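> Encoded as structure tokens, here's the structure I'll be asking about.
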Amino acid sequence: ASMLGQIYLNKIDYDISFNILSDEFAVRHEDDLLIISPHRYRLQHIKQNMTKKLDELHHITNSLKTKTNIRHKTMKKFRPVEYWGSLVDIQSREILVTINQNDNSENKVTPLTIKITREIGYHLRHSLINALFLRSHSYYFDRLYTSDKTLIRNFYFLSCYFFKRLHSMCFRFAQFYSHKYIQSKSLFLFRTIRSGLRMLIKKTFNYDKKSIKLVNQ
995 ASMLGQIYLN KIDYDISFNI LSDEFAVRHE DDLLIISPHR YRLQHIKQNM TKKLDELHHI
1055 TNSLKTKTNI RHKTMKKFRP VEYWGSLVDI QSREILVTIN QNDNSENKVT PLTIKITREI
1115 GYHLRHSLIN ALFLRSHSYY FDRLYTSDKT LIRNFYFLSC YFFKRLHSMC FRFAQFYSHK
1175 YIQSKSLFLF RTIRSGLRML IKKTFNYDKK SIKLVNQ
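Per my numbering, the very first residue in the sequence shown carries number 995; after that it's consecutive.
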């Protein structure tokens, strides 16, 4: 089956233009960009070109305003370009990623990681929910093309991605803010899980008659 590759570009300004091919898809969310392409060889070139453009642009600009401070404070600030390599079957719109890290490389997903250095709980939650919003694109839940089985399977994989990412971020967050984290751990986890699953359920089922029937089953 034909496979789709994805690339996630973080903190991309609107003054950086990007032209997609006729069979590619790109979506913006604030200053983040998600590109889905059947030409997986193009993704690494896109990443390299974007990195070069960002490097040239930010050599001559002042300090950058970002939603979350995820970098060490240095004289020269840069915007990280991060990549994940999950695969999608174009015809069935099925996410072909696995939770088992020992599986073969064809079905292995490269986790999107962020170095957390200066984030408080709110910014951490915002960063995680924003990543899930980009990851759970409506492409996976289009009821005209997606079967009930694939819909549930995609929801399961995205939920696993969300909880694995949450676990990883909490572990690193606790290393930097152990005292503050322990004090507000329960409330932080409750709000984060509630926000993530509420958004994922809403995007998955859209509350139409067919979806409600499927949820009840």
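The C-beta atom is built at its ideal place from N, Cα and C for all residues, glycine as well.
Nothing here was measured: the structure is a model prediction, and the numbers come from that model.
(1) For D1142, which three-state DSSP category applies?
(2) Roughly how many angstroms separate the alpha carbons of K1046 and V1021, rounded to a whole number?
(3) Assuming L1194 contacts F1149 (C-beta within less than 8 Å), just tell me the rounded distance between them.
(4) Go ahead and pull the three-state DSSP assignment for M1003.
(5) Nearest by alpha-carbon distance to I1295: which of D1017, F1156 and C1164 is it?
(6) Keeping to the same chain, check which residues put their C-beta closer than 7 Å to that of T1186; ignore five residues upstream and five downstream.
(7) Note down, in chain order, each residue of its chain lying with its Cβ closer than 6 Å to the Cβ of T1198, except the 5 sequence neighbours on either side.
(8) Sorted by chain position, which residues of the same chain lie with C-beta nearer than 6 Å to I1014's C-beta, five sequence neighbours on each side aside?
(9) Please return the same chain residues whose Cβ sits closer than 6 Å to the Cβ of L1028, not counting the five positions on each side in sequence.
(10) Would DSSP call L1181 helix, strand or coil?
(11) What number of angstroms, rounded off, separates the C-alpha of F1012 from the C-alpha of Q1042?
(12) Can you give me the start and stop residues for the beta strand (DSSP E) that L1027 sits inside?
Let me lay it out:
(1) Walking along the sequence shown from the start, residue 1142 turns up at place 148. Under the three-state reduction of DSSP output, D1142 falls in the helix class.
(2) Indexing the sequence shown from 1 puts residue 1046 at position 52. Indexing the sequence shown from 1 puts residue 1021 at position 27. Computed Cα separation, rounded: 21 Å.
(3) The count along the sequence shown starts at 1 and reaches residue 1194 at position 200. The count along the sequence shown starts at 1 and reaches residue 1149 at position 155. With a contact defined as Cβ atoms closer than 8 Å, L1194 and F1149 qualify at about 7 Å.
(4) Looking up residue 1003 in the sequence shown gives position 9. Rather than Met, the amino acid found at residue 1003 in this sequence is Leu. In the structure shown, L1003 sits in a strand (DSSP, three-state: E or B).
(5) The chain is shown from 995 up to 1211; residue 1295 falls before or after that span and cannot be answered.
(6) Along the sequence shown, one-based indexing puts residue 1186 at 192. Here the set comprises R1119, L1122 and L1160.
(7) Taking the first residue of the sequence shown as position 1, residue 1198 is located at position 204. The residues are F1135 and F1149.
(8) Taking the first residue of the sequence shown as 1, we reach residue 1014 at position 20. Once the five neighbours on either side are set aside, the close Cβ partners of I1014 are A1020.
(9) The residue given as residue 1028 occupies position 34 in the sequence shown. Taking L1028 as the centre and dropping the five residues before and after it, the same chain places the C-beta of Y1002, V1021 and L1128 closer than 6 Å to its C-beta, in chain order.
(10) On the sequence shown, residue 1181 is found 187 positions in, with the first residue counted as 1. Of the three classes helix, strand and coil, the one that applies to L1181 here is helix, per DSSP.
(11) In the sequence shown, counting from the first residue as 1, residue 1012 sits at position 18. In the sequence shown, counting from the first residue as 1, residue 1042 sits at position 48. Put simply, the backbone Cα of F1012 is about 13 Å away from that of Q1042.
(12) For this step, residue 1027 is matched to residue 33 along the sequence shown. Here the beta strand (DSSP E) through L1027 covers D1026 to S1031.
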